[in-house]
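Trainee: Handing you this structure, nothing more for now.
Number of protein chains: 2
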Amino acid sequence: MNQIKIFSPATVANVSCGFDVLGFCLDTIGDEMTITKTEEKGIRITKIIGADLPFEAEKNVASVSALALYNHAKPNCGFDIEIYKNIKPGSGIGSSSASASGSVFAINQLLGQPYNQTELSDFAMKGEAIASGCEHADNIAPGIFGGFTLVKNTKPLQIVALPTPSNLYAVIIHPQIEIKTSQSRAILPKQIQLKNAITQWANVGSLVHALHTNDYKLLSESLNDVIVEPHRSQLIPYFKEVKENTLKAGALGTGISGSGPSIFTLCKGIETANKVEQAMKDVYSKTNISFKTYVSKINTEGIRIIES
Amino acid sequence: MNQIKIFSPATVANVSCGFDVLGFCLDTIGDEMTITKTEEKGIRITKIIGADLPFEAEKNVASVSALALYNHAKPNCGFDIEIYKNIKPGSGIGSSSASASGSVFAINQLLGQPYNQTELSDFAMKGEAIASGCEHADNIAPGIFGGFTLVKNTKPLQIVALPTPSNLYAVIIHPQIEIKTSQSRAILPKQIQLKNAITQWANVGSLVHALHTNDYKLLSESLNDVIVEPHRSQLIPYFKEVKENTLKAGALGTGISGSGPSIFTLCKGIETANKVEQAMKDVYSKTNISFKTYVSKINTEGIRIIES
Chain C
1 MNQIKIFSPA
11 TVANVSCGFD
21 VLGFCLDTIG
31 DEMTITKTEE
41 KGIRITKIIG
51 ADLPFEAEKN
61 VASVSALALY
71 NHAKPNCGFD
81 IEIYKNIKPG
91 SGIGSSSASA
101 SGSVFAINQL
111 LGQPYNQTEL
121 SDFAMKGEAI
131 ASGCEHADNI
141 APGIFGGFTL
151 VKNTKPLQIV
161 ALPTPSNLYA
171 VIIHPQIEIK
181 TSQSRAILPK
191 QIQLKNAITQ
201 WANVGSLVHA
211 LHTNDYKLLS
221 ESLNDVIVEP
231 HRSQLIPYFK
241 EVKENTLKAG
251 ALGTGISGSG
261 PSIFTLCKGI
271 ETANKVEQAM
281 KDVYSKTNIS
291 FKTYVSKINT
301 EGIRIIES
Chain X
309 MNQIKIFSPA
319 TVANVSCGFD
329 VLGFCLDTIG
339 DEMTITKTEE
349 KGIRITKIIG
359 ADLPFEAEKN
369 VASVSALALY
379 NHAKPNCGFD
389 IEIYKNIKPG
399 SGIGSSSASA
409 SGSVFAINQL
419 LGQPYNQTEL
429 SDFAMKGEAI
439 ASGCEHADNI
449 APGIFGGFTL
459 VKNTKPLQIV
469 ALPTPSNLYA
479 VIIHPQIEIK
489 TSQSRAILPK
499 QIQLKNAITQ
509 WANVGSLVHA
519 LHTNDYKLLS
529 ESLNDVIVEP
539 HRSQLIPYFK
549 EVKENTLKAG
559 ALGTGISGSG
569 PSIFTLCKGI
579 ETANKVEQAM
589 KDVYSKTNIS
599 FKTYVSKINT
609 EGIRIIES
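Chains as they are written, first to last, in the numbering used here: chain C, 1 to 308; chain X, 309 to 616.
Put into C-alpha cells, the structure is as follows:
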C-alpha cells in the first residue's frame, strides 16, 4: 500500500458538563486527505483545497503531527499530504484536530500500524498545539477512537473510550462568525465556586453512567454546564434562543461545541434530530448571520479509510 | 409483621474524587435497630445502646427521619425504635446516616413498602440534617441502595445506583480522635482552581467507567482527590504515612472517608485487603492514638433485614 485516502471527521469537545475532557465524533462532516508514500524522505503538504492554510511543513497542523510520528518512527521513506478541507477552521467542531489526526492515522496505516490509538493521539496533539497554543486531546480522542471519549490525563496521555447509545444523533449549527480563541479563553475564570464544580462532576459521572446504560433521560439531565457555558455563551449570538428552541423540539441537551461558535445538540433518533435542525434554522433564518447545519449519527468508528 | 430487626451498615462518602456525590456501602460494620409497630401513635426512641444520643424524638436523627416519613404516610399506628449503635458518632463512616436511614427503611417495611429507595433517602436526609446541619445524601444513598452510588442532585433528590466490581473490598482505619464538623468544613476553600476541577471531573468520569467495566487499574488511577484531601488530610494525624503504606501494600487507592478522621482504602481481593489492614495497623501501632480497623466486602445490598 503506497497511497491511502481517508475521511477525518469533525468532533464535538466538552459536551456541556465535560469541559476539557469529554468529546464525541460526527459522521456527516469531515475532511478528506490523501497521503502518498514517497521515496524522497520528509513530510510535504502538496495540496490544500477548501481553506487558506500554510504549506510549510512546520506550520501546518497536519504536517506538524505527521512529523512528530515521522521523527519517532524514522522510516526509510517520506510522505506527501493532500488536504481536502470541509471543516471550516475556527468553527468549533475540531477543524485543526481533524487535520492533525488524519495525517497520523493515514501514515500509521501506510507504515503497517506500528502505533496504537493513544500513541497516534499523542502525535496528533503536537499538531493541535500549533493551532490552539496548547496540547489538548478533547477533539483528537473522539476522531481517533470514535464515539464518546474521556481524556483522563494529557501528561501522560490517557484516553477512556466510552460506549455510545445506538440511536444517538447530533445536530450542529455553525454560525459563520469568528470568535478568537484568545477571547474565548480570556472569558473563562481561573477560579470557580466549589459548589458549581460539585454539580459539574456529578453531571460528568451521571453522563458516563447514562452512556453505559443507554439511559437517554439521565443523559439529558446530565447535559448541563454551570461552569463554562454561562461565560462563553455570551460570545455566541442567539445561543439562548437556539437552546430554548431545540430543547422544545425534543433535543436531549444543547451546548457549545468546543469553544464555539458552533452549537451542538444530542437527540434520540433521526426524526427528533431533523426537527431539532429545523428549530435551529428557525432561529438563525430570522437573523442576518449566515449559518450551516449538520445532522449526524454519532460516529463510533472515527477516522475511516475511503480508498487504499 | 409488627416488629423488624435490621442491620444498617456504615458507609464511605466522597470516595476521593467524588466529593459530596459519591459513596459506597460497607458490610462488616453497622448498627442494629429494632422497630416495633404500636397502637399508640407517634415515634418514640425507647432504647439506645452503645452511644450517648438523645431520646427526644425531635433531636435524634433516627426519629427525625422517621417522623418525616410518618408525617407523610400518616399511618393509623406508631413506632418504637431501639438503637444498638456500633458505628461511633463522628467516625466519618456514616454513623448518623445509618441511624437516619435504618429507621425509615424499617418503618417502610412495616407499612408494606409504600416508598421507593429515593423517597426513603429523601426522608433520611431530614434526619441527617439534624446531625450535620445540612441535607446531604452521600452517606444515605449507599446505605439504602447498596453498592456505589452517585447523588446527582439533592433538590430534587436524584440518585444513580452504580455497579460494583465483584471482588472489591474496603479497609477502614478509624483513629479515635475527634474532628469537629465545623472545623472540617471551615478548612475547605469556597473557590477552587478550574484546572483542578477539570482533573477531578475527569477522575469521576473514569471512576464511573471503571466500575462499569470492572477495570481495577483505571479505578485505582481514578481514586485521586486534588480538591479536598490536600486540606482535610492536615486534620488527620499520620494520613500521609497511612496512604503511603497502604498503597505500597497493594491498595487501589486511599483517601479520607467522608470528612474523616477515618481513612478508607479500596482493594482487589480479600488477601490484599488483609495486607492493607496490617499496613494501616503498622503505622498507627507506633503512635499513642487508639484506633480500630475494619475489612469489608463492598455491600451491594445495603440495609438488610435480620429478623421480621
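Backbone N, C-alpha and C define an ideal beta-carbon position, used for all residues, glycine too.
If you draw a straight line from the C-alpha of K600(X) to the C-alpha of N522(X), how long is it?
Mentor: If you number the second sequence from 1, residue 600(X) lands on position 292. If you number the second sequence from 1, residue 522(X) lands on position 214. Cα to Cα, K600(X) sits roughly 29 Å from N522(X).
Trainee: Taking only beta-carbon atoms, is S206(C) less than 8 Å away from chain X?
Mentor: Sequence index remark: in the first sequence, residue 206(C) carries index 206 (1-based). Chain X contact via Cβ: present.
Trainee: Is K576(X) buried or exposed, if buried means 16 or more other CB atoms sit within 10 Å of its CB?
Mentor: Against the second sequence, residue 576(X) aligns to sequence position 268. The residue is buried, with at least 16 neighbouring Cβ atoms inside 10 Å.
Trainee: Can a CB atom of chain C be found closer than 8 Å to the CB of D328(X)?
Mentor: One-based indexing of the second sequence puts residue 328(X) at position 20. With 8 Å as the cut-off, D328(X) counts as an interface residue toward chain C.
Trainee: For S206(C) versus S222(C), is the C-beta spacing smaller than 8 Å?
Mentor: Counting from one through the first sequence, the residue named residue 206(C) turns up at place 206. Counting from one through the first sequence, the residue named residue 222(C) turns up at place 222. It is a contact, given that the beta carbons lie within the stated cut-off.
Trainee: Any Cβ of chain B within less than 8 Å of the Cβ of A494(X)?
Mentor: Looking at the structure shown, chain B is missing, and the protein chains on hand are C and X.
Trainee: Within 10 angstroms of its Cβ, does M1(C) collect 16 or more other Cβ (buried), or is it exposed?
Mentor: Position 1 of the first sequence, counting from 1, holds the residue named residue 1(C). The residue in question, M1(C), is exposed, as its Cβ has fewer than 16 Cβ neighbours within 10 Å.
Trainee: Which parts of the stretch 327-405 of chain X are runs of the beta strand (DSSP E), unbroken and 3 residues or longer, counting only runs that do not cross its ends?
Mentor: If we require 3 residues or more, the beta strand (DSSP E) runs fully inside the stretch 327-405 of chain X come out as 330-346, 350-357 and 386-392.
Trainee: Under the assumption that I611(X) contacts S409(X) (Cβ atoms under 8 Å), give the Cβ distance between them as a whole number of angstroms.
Mentor: Here residue 611(X) is taken as the residue at index 303 of the second sequence, counted from 1. Here residue 409(X) is taken as the residue at index 101 of the second sequence, counted from 1. Confirmed, about 6 Å.
Trainee: Short of 8 Å Cβ to Cβ, which residues in the stretch 456-473 of chain X face chain C?
Mentor: Flagged, chain order: L458, V459, K460, N461, Q466, V468 and L470.
Trainee: Note down, one range per segment and in chain order, each beta strand (DSSP E) of at least 3 residues found wholly within the stretch 118-203 of chain C.
Mentor: Correct list: 148-154, 157-162, 168-175 and 191-193.
Trainee: Which residues share a DSSP beta bridge with R612(X)?
Mentor: Along the second sequence, read from residue 1 onward, the residue named residue 612(X) stands at position 304. In DSSP, R612(X) forms a bridge with F315(X).
Trainee: Would the beta-carbon of A406(X) fall within 8 Å of that of S492(X)?
Mentor: Against the second sequence, residue 406(X) aligns to sequence position 98. Against the second sequence, residue 492(X) aligns to sequence position 184. No; because the gap between Cβ atoms is not below 8 Å, this pair is not in contact.
Trainee: Report back the beta-carbon spacing between K583(X) and G561(X) to the nearest angstrom; my notes put them in contact at under 8 Å.
Mentor: If you number the second sequence from 1, residue 583(X) lands on position 275. If you number the second sequence from 1, residue 561(X) lands on position 253. That belief does not hold up - the Cβ atoms of K583(X) and G561(X) are roughly 15 Å apart, past 8 Å.
Trainee: Using a Cβ-Cβ cut-off of 8 Å, state whether A13(C) counts as contacting chain X.
Mentor: Your numbering for residue 13(C) matches position 13 in the first sequence. So, not an interface residue.
Trainee: Can you check whether the CB of T38(C) is closer than 8 Å to the CB of F79(C)?
Mentor: Numbered from 1 along the first sequence, position 79 holds the residue referred to as residue 79(C). Numbered from 1 along the first sequence, position 38 holds the residue referred to as residue 38(C). Contact: yes.
Trainee: Confirm, please, whether the CB-CB distance from I480(X) to S616(X) is below 8 Å.
Mentor: To locate residue 616(X), count along the second sequence from 1; it is residue 308. To locate residue 480(X), count along the second sequence from 1; it is residue 172. Cβ distance not < 8 Å, so S616(X) and I480(X) don't count as in contact.
Trainee: Taking the alpha-carbon positions, what's the N416(X) to M433(X) distance?
Mentor: On the second sequence, position 108 is the one that residue 416(X) refers to. On the second sequence, position 125 is the one that residue 433(X) refers to. Approximately 15 Å between the Cα atoms of the pair.
Trainee: What are the start and end residues of the beta strand (DSSP E) that includes Y546(X)?
Mentor: Against the second sequence, residue 546(X) aligns to sequence position 238. It is not in any beta strand (DSSP E) - Y546(X) carries neither H nor E in the DSSP assignment.
Trainee: Go through its chain and collect everything with a Cβ distance to S474(X)'s Cβ below 8 Å, but skip five positions before and after it.
Mentor: Position 166 of the second sequence holds residue 474(X). Cβ neighbours of S474(X) beyond the five flanking positions: N522.
Trainee: Do V295(C) and Y115(C) have their C-beta atoms within less than 8 Å of each other?
Mentor: Counting from 1 along the first sequence, the entry for residue 295(C) is found at position 295. Counting from 1 along the first sequence, the entry for residue 115(C) is found at position 115. Taking 8 Å as the Cβ cut-off, V295(C) and Y115(C) do not qualify as a contacting pair.
Trainee: Does the Cβ of C25(C) have 16 or more other Cβ atoms within 10 Å, making it buried, or fewer, making it exposed?
Mentor: For the purposes of this step, residue 25(C) is taken as residue 25 along the first sequence, with counting starting at 1. Result: buried.
Trainee: Can you have a look at C325(X) and say buried or exposed, based on whether 16 or more other CB atoms are within 10 angstroms of its CB?
Mentor: Residue 325(X) sits at position 17 when you count from the first residue of the second sequence. C325(X) should be labelled buried.
Trainee: Measure the alpha-carbon distance for S96(C) versus F148(C) and round it to whole angstroms.
Mentor: Indexing the first sequence from 1 puts residue 96(C) at position 96. Indexing the first sequence from 1 puts residue 148(C) at position 148. Distance between the alpha carbons of S96(C) and F148(C): 19 Å.
Trainee: Where does A414(X) sit, in a helix, a strand or coil, going by DSSP?
Mentor: Here residue 414(X) refers to the residue found at position 106 when the second sequence is read from its first residue. In this structure, A414(X) counts as helix in the three-state DSSP scheme.
Trainee: Can you grab the Cα-Cα spacing for the pair N394(X) / A359(X), in whole Å?
Mentor: Locating residue 394(X) in the second sequence gives position 86, where the first residue counts as 1. Locating residue 359(X) in the second sequence gives position 51, where the first residue counts as 1. Each residue's alpha carbon lies about 8 Å from the other.
Trainee: Taking Cβ-Cβ distances shorter than 8 Å, what residues in chain X pair up with P189(C)?
Mentor: Locating residue 189(C) in the first sequence gives position 189, where the first residue counts as 1. In chain order: L502.
Trainee: Could you check how far apart the C-beta atoms of Q484(X) and I401(X) are, in whole angstroms? I think they sit under 8 Å.
Mentor: By one-based count along the second sequence, residue 484(X) stands at place 176. By one-based count along the second sequence, residue 401(X) stands at place 93. Contact flag wrong, Cβ pair sits at about 13 Å.
Trainee: Closer than 8 Å by beta-carbon distance: list the chain C residues that pair up with Q508(X), in chain order.
Mentor: As a first step, residue 508(X) is located in the second sequence; it is residue number 200 there, counting from the start. By Cβ distance, chain C contributes A197 and W201.
Trainee: Just the chain X side, please: which residues come within less than 9 Å of L218(C) by C-beta, in chain order?
Mentor: Translated into the one-based positions of the first sequence, residue 218(C) becomes position 218. Near L218(C) (Cβ distances below 9 Å), the residues of chain X are K460, Q466 and V468.
Trainee: Would you mind working out which of F327(X), E390(X) and Q586(X) sits nearest N447(X), comparing C-alpha positions?
Mentor: Here residue 447(X) refers to the residue found at position 139 of the second sequence. When only C-alpha atoms are compared, the closest one is F327(X).
Trainee: Tell me which same chain residues have a C-beta within less than 8 Å of the C-beta of K460(X), skipping the five on either side of it?
Mentor: Position 152 of the second sequence, counting from 1, holds the residue named residue 460(X). V329, Q466, I467 and V468.
Trainee: To the nearest angstrom, how far is it from the Cα of H72(C) to the Cα of V64(C)?
Mentor: Locating residue 72(C) in the first sequence gives position 72, where the first residue counts as 1. Locating residue 64(C) in the first sequence gives position 64, where the first residue counts as 1. Spanning the two alpha carbons is a distance of roughly 12 Å.
Trainee: Closer than 8 Å by C-beta to N504(X): which residues in its own chain qualify, once you throw out the five before and the five after it? Chain order, please.
Mentor: By one-based count along the second sequence, residue 504(X) stands at place 196. Excluding positions up to five away in sequence, the list reads V534 and I535.
Trainee: DSSP three-state call for L218(C): helix, strand or coil?
Mentor: Residue mapping note: residue 218(C) aligns to position 218 of the first sequence, counting from 1. L218(C) falls in the helix class under three-state DSSP.
Trainee: I'd like to check one pair, I83(C) with D31(C): are the Cβ atoms closer than 8 Å?
Mentor: Here residue 31(C) refers to the residue found at position 31 when the first sequence is read from its first residue. Here residue 83(C) refers to the residue found at position 83 when the first sequence is read from its first residue. Yes, Cβ-Cβ distance for D31(C) and I83(C) is below 8 Å.
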